[in-house]
Amino acid sequence: MGLGGKLMVLIVLGWVAVGLLAAGQRHHFAHLPKQCSDWATIAVTAAAGPANYIGLNPRVTECQVPQPSQ
(Lines of atoms letter the chains of each structure in order from A; the text may use other names.)
(Lines give C-alpha, C1' and ligand atoms only; values in the text may rest on other atoms or scores of the structure.)
Protein backbone atom coordinates (compact mmCIF):
# COMPACT_ATOMS: atom_id res chain seq x y z
CA MET A 40 0.00 0.00 0.00
CA GLY A 41 1.42 3.33 -1.00
CA LEU A 42 1.50 6.57 0.91
CA GLY A 43 -1.81 7.70 -0.60
CA GLY A 44 -3.56 4.52 0.53
CA LYS A 45 -2.20 4.82 4.07
CA LEU A 46 -3.27 8.44 4.24
CA MET A 47 -6.78 7.53 3.06
CA VAL A 48 -7.05 4.81 5.73
CA LEU A 49 -6.00 7.30 8.42
CA ILE A 50 -8.55 9.84 7.21
CA VAL A 51 -11.38 7.28 7.19
CA LEU A 52 -10.46 5.93 10.63
CA GLY A 53 -10.25 9.46 12.02
CA TRP A 54 -13.61 10.35 10.45
CA VAL A 55 -15.33 7.32 12.03
CA ALA A 56 -13.60 7.90 15.38
CA VAL A 57 -14.97 11.45 15.51
CA GLY A 58 -18.41 10.11 14.60
CA LEU A 59 -18.27 7.54 17.40
CA LEU A 60 -17.20 10.28 19.81
CA ALA A 61 -20.24 12.31 18.76
CA ALA A 62 -22.49 9.26 19.26
CA GLY A 63 -21.07 8.86 22.76
CA GLN A 64 -21.67 12.52 23.57
CA ARG A 65 -25.29 12.08 22.47
CA HIS A 66 -25.60 9.12 24.88
CA HIS A 67 -26.30 6.58 22.13
CA PHE A 68 -24.19 4.09 24.11
CA ALA A 69 -25.98 4.68 27.44
CA HIS A 70 -27.96 1.46 26.99
CA LEU A 71 -27.78 -1.53 24.70
CA PRO A 72 -29.75 -0.74 21.53
CA LYS A 73 -32.80 -2.98 21.29
CA GLN A 74 -34.31 -1.95 17.98
CA CYS A 75 -32.98 -1.76 14.46
CA SER A 76 -33.54 2.00 14.41
CA ASP A 77 -31.28 2.45 17.46
CA TRP A 78 -28.45 0.55 15.77
CA ALA A 79 -29.01 2.47 12.54
CA THR A 80 -28.90 5.83 14.35
CA ILE A 81 -25.53 4.91 15.87
CA ALA A 82 -24.23 3.80 12.46
CA VAL A 83 -25.29 6.96 10.62
CA THR A 84 -23.96 9.16 13.43
CA ALA A 85 -20.59 7.41 13.17
CA ALA A 86 -20.64 7.68 9.37
CA ALA A 87 -21.45 11.40 9.56
CA GLY A 88 -18.19 11.94 11.46
CA PRO A 89 -17.20 15.60 11.94
CA ALA A 90 -20.39 16.76 10.22
CA ASN A 91 -22.11 16.07 13.56
CA TYR A 92 -20.41 19.18 14.94
CA ILE A 93 -21.68 21.52 12.22
CA GLY A 94 -25.33 20.80 12.82
CA LEU A 95 -25.99 17.42 11.22
CA ASN A 96 -28.05 15.29 13.60
CA PRO A 97 -28.76 12.01 11.82
CA ARG A 98 -31.52 9.86 13.25
CA VAL A 99 -33.27 6.79 11.92
CA THR A 100 -36.85 6.40 13.09
CA GLU A 101 -38.03 3.40 11.10
CA CYS A 102 -36.04 0.41 10.03
CA GLN A 103 -37.33 -2.41 7.81
CA VAL A 104 -35.38 -5.64 7.83
CA PRO A 105 -36.28 -8.68 5.73
CA GLN A 106 -37.83 -11.63 7.53
CA PRO A 107 -35.88 -14.88 7.49
CA SER A 108 -36.93 -17.46 4.94
CA GLN A 109 -38.98 -20.39 6.18
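So in this note's numbering, spot 25 of the sequence shown is number 64, and the numbers just go up one at a time.
Cβ atoms here follow ideal geometry from the backbone N, Cα and C, with glycine treated the same way.
Considering only the alpha carbon of each residue, which of 83, 52, 104, 68 lies closest to residue 95? Start at 1 with the first residue of the sequence shown, and residue 95 comes out as number 56. Taking only the C-alpha atoms, the option nearest residue 95 is 83.
Using a Cβ-Cβ cutoff of less than 6 Å, which residues in the same chain neighbour residue 59 once the five nearest sequence positions on both sides are dropped? Locating residue 59 in the sequence shown gives position 20, where the first residue counts as 1. Excluding sequence neighbours, residue 59 sits near 85.
Nearest to residue 102 by alpha carbon, out of 45, 93, 74, 43? As a first step, residue 102 must be located in the sequence shown, where it is residue number 63. Ranking 45, 93, 74, 43 by Cα distance to residue 102 puts 74 first.
What's the gap between the Cα of residue 92 and the Cα of residue 79? One-based indexing of the sequence shown puts residue 92 at position 53. One-based indexing of the sequence shown puts residue 79 at position 40. The alpha-carbon atoms of residue 92 and residue 79 are separated by roughly 19 Å.
For residue 76, the three-state DSSP class (helix, strand or coil): Here the question's residue 76 lines up with position 37 in the sequence shown. It is helical.
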